[in-house]
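In my numbering, the protein residues as written are 1 to 76.
We put the beta carbon where it would ideally sit given N, CA and C, even for glycine.
Each remark here refers to the structure printed beneath this line.
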């Protein structure tokens with residue numbers, strides 16, 4: 001899944017759940033994409049952090065948030 005596809009998935013999930021915090025939306029995205037993508041997201045996040053291991057689900061959620069916040073651009 002590309003970063004752009006991930007951002008679209010995040011946006012659609014947020015539209016379905018407008019009252020949730022960003023981290024909660026990211027958690028829903030990770031649950032929706034399934035175990036293989038979750039592992040991929042976690043691996044990307046751990047590689048970006050220079051770590052060899054960590055909790056899979058939490059690392060995958062952090063990756064989703066990192067991508068969303070990066071592609072969103074700087075805060076005004």
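1. For the ligand SAM, is there a heavy atom less than 7 Å away from the beta-carbon of residue 36?
2. CA-CA distance, residue 25 and residue 14?
3. Using three-state DSSP, classify residue 13 as helix, strand or coil.
4. How about residue 67 and residue 29: do their beta carbons lie closer than 8 Å?
5. Compute the beta-carbon to beta-carbon distance between residue 38 and residue 11, rounded to the nearest angstrom, for a pair I have assumed lies under 8 Å.
Well, looking at it:
1. Summarising the ligand content, the structure contains no ligands, and the ligand SAM is consequently not present.
2. 6 Å
3. helix
4. no
5. Not a contact, Cβ separation roughly 19 Å.
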